[in-house]
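There are 2 protein chains.
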Amino acid sequence: MPRSLRQSKILELITTREIEKQEELVTLLRESNFDITQATISRDIKELGLIKILTEDKKYKYACIDATEQAFSNKYINIFKEAVINLKIINNIVLIKTINGLASAVNSFLDKLGVENSLGSTFGNDTVTIYFENDVKANIACHSLNKIIYG
Amino acid sequence: MPRSLRQSKILELITTREIEKQEELVTLLRESNFDITQATISRDIKELGLIKILTEDKKYKYACIDATEQAFSNKYINIFKEAVINLKIINNIVLIKTINGLASAVNSFLDKLGVENSLGSTFGNDTVTIYFENDVKANIACHSLNKIIYG
DNA sequence: GAAGATTTTGCATAAATATGCAAAGAAATT
DNA sequence: AATTTCTTTGCATATTTATGCAAAATCTTC
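As you go down the protein sequences, you meet chains E and Z in turn.
My numbering applies: residue 1 is where the first sequence begins, and numbers increase by one.
My numbering applies: residue 1001 is where the second sequence begins, and numbers increase by one.
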């Protein structure tokens, strides 16, 4: 499994759960068939620039330092690129096919990115759906996403 | 030496230097006659909610987190900056001197901003007073306000 | 597709941080 | 001011994280 997919999964995990320590990530990633050790997680975390912050109940958890800013960094975009298989426009919706299990990560990336004119989105396991008012707006959005992914 | 003074010193140190580890704080604090161990620093850091972030050169350093900073648009912040002349901590209160007549504006800005741990505030013509439970909380708030205003 | 260069990883362990517990210190209460 | 209660601290150590180094995997170039 490629590195960037693993890192993508890490981003997903820390945004959807309260991860207190790296060993937890090791366990969770193993459940998703990333066979990996704590040492690698440590390196990933440094590379992604993740931080530990305090939760309500005074426990530490991993978090992204500044969601919006980092969403645009090349590193994140590369991960996004790898997770996406293809984009399709179906009338007023854009349908994004992703690598299995990464739809939620792609969805949250898109949230941070703020797709323009989006009415909202849903996601399953390997598919993200973004809704627009009409075909034209879906088209425009699809083009700009394509541009991000393919140049 | 009181705890709050020490924690205030910690805030000062991490904002003026790049502190990579707690042992560095121990050394620096000892130079300022705070006779203290790493264990205590660890607890202070947790209490102050400090985090470790990556610097340019991929080293970790301690920093203040401030969710507040992102919360407000630059426009409002600029107005706020211009209105404020200076901040002072007096025990458990933060005293804000403003341009004449703007205390109420600054006060309502702060209300929206939601100064953390604030017990409440009052204002006159050119002064806003924010009340806190104790010196530490006043200190933390003052630092984060300073950060908004001066960097 | 072999040979060499580069990147990524695991292992073992070093380095850094957090914490249980007992004791010292403050504060409150009588 | 003695007694009780609550807070803060150090010590020792457990827990967590980072990293040097060699091996494995991946990528280049011929």
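Glycine included, C-beta positions come from ideal geometry on N, C-alpha and C.
All values reported here derive from a predicted model rather than from experimental measurement.
If you draw a straight line from the alpha carbon of Ile45 of chain E to that of Asp35 of chain E, how long is it in whole angstroms?
As a position in the first sequence, residue 45 of chain E is number 45, starting the count at 1. As a position in the first sequence, residue 35 of chain E is number 35, starting the count at 1. In a straight line, the C-alpha of Ile45 of chain E is about 16 Å away from that of Asp35 of chain E.
Chain-order list of residues whose beta-carbon lies under 7 Å from that of Ala83 of chain E (same chain, five-residue window excluded):
In the first sequence, counting from the first residue as 1, residue 83 of chain E sits at position 83. Cβ within range, chain order: Leu5, Ser8, Thr98, Ile99, Leu102, Ala105, Val106.
With DSSP collapsed to three states, give me the class of Val84 of chain E.
Numbered from 1 along the first sequence, position 84 holds the residue referred to as residue 84 of chain E. Note: Val84 of chain E maps to strand in three-state DSSP.
Cβ-heavy atom distance, Thr98 of chain E to the ligand COA, below 7 Å:
As presented, the structure is devoid of all ligands, the ligand COA included, so that no description of it is given.
In terms of residue numbering, what span does the alpha helix (DSSP H) encompassing Leu1029 of chain Z cover?
If you number the second sequence from 1, residue 1029 of chain Z lands on position 29. Here the alpha helix (DSSP H) through Leu1029 of chain Z covers 1022-1031.
Phe1072 of chain Z to Tyr1062 of chain Z span [Cα, whole Å]
By one-based count along the second sequence, residue 1072 of chain Z stands at place 72. By one-based count along the second sequence, residue 1062 of chain Z stands at place 62. Confidence at Phe1072 of chain Z is low in this model, with a pLDDT of 37, below 50, so the placement of that residue should be treated as unreliable; the coordinate-derived value is given next. Rounded to whole angstroms, Phe1072 of chain Z to Tyr1062 of chain Z spans 24 Å at the Cα level.
Continuous beta strand (DSSP E) stretch holding Thr1122 of chain Z: start and end:
Residue numbering aside, residue 1122 of chain Z sits at position 122 when the second sequence is read from its first letter. Segment 1120-1123, the beta strand (DSSP E) holding Thr1122 of chain Z.
Among the residues of its own chain, which have a CB less than 7 Å from the CB of Leu1029 of chain Z, if the five just before and after it don't count?
Reading the second sequence from its first residue, position 29 is the one you call residue 1029 of chain Z. Excluding positions up to five away in sequence, the list reads Arg1006, Lys1009, Ile1036.
If you drop the 5 nearest sequence neighbours on each side, which residues of the same chain put their C-beta closer than 6 Å to that of Lys1088 of chain Z?
Here residue 1088 of chain Z is taken as the residue at index 88 of the second sequence, counted from 1. Excluding residues within five positions, the ones whose Cβ falls inside 6 Å are Leu1095.
To which residues does DSSP link Thr1127 of chain Z through a beta bridge?
Along the second sequence, one-based indexing puts residue 1127 of chain Z at 127. Paired residue(s): Z:Lys1097.
What does Lys52 of chain E touch in chain Z if you count any residue whose Cβ is under 8 Å from its own?
For the purposes of this step, residue 52 of chain E is taken as the residue at position 52 of the first sequence. Ile1051, Lys1052, listed in chain order.
Between Lys1046 of chain Z and chain E, is the shortest Cβ-Cβ distance under 8 Å, so that the two count as touching?
For the purposes of this step, residue 1046 of chain Z is identified with residue 46 of the second sequence, where counting begins at 1. Closer than 8 Å to some Cβ of chain E, the Cβ of Lys1046 of chain Z qualifies, so yes.
Using CA coordinates, which residue listed in Z:Asp1057, Z:Ile1051, Z:Cys1064, Z:Lys1058 is at the minimum distance from Tyr60 of chain E?
As a first step, residue 60 of chain E must be located in the first sequence, where it is residue number 60. Closest option to Tyr60 of chain E, Cα to Cα, is Z:Ile1051.
Please report how far the alpha carbon of Leu1145 of chain Z lies from the alpha carbon of Ala1039 of chain Z, in whole angstroms.
Here residue 1145 of chain Z refers to the residue found at position 145 when the second sequence is read from its first residue. Here residue 1039 of chain Z refers to the residue found at position 39 when the second sequence is read from its first residue. Each residue's alpha carbon lies about 28 Å from the other.
Going by Cα to Cα distance, which pick from E:Ile140, E:Asn139, E:Ile14 is closest to Ile65 of chain E?
By one-based count along the first sequence, residue 65 of chain E stands at place 65. When only C-alpha atoms are compared, the closest one is E:Ile14.
Taking Cβ-Cβ distances shorter than 9 Å, what residues in chain Z pair up with Ile65 of chain E?
Position 65 of the first sequence, counted from the start, is the residue given in the question as residue 65 of chain E. Within 9 Å Cβ-Cβ: Ile1051, Ile1053, Leu1054, Ile1065.
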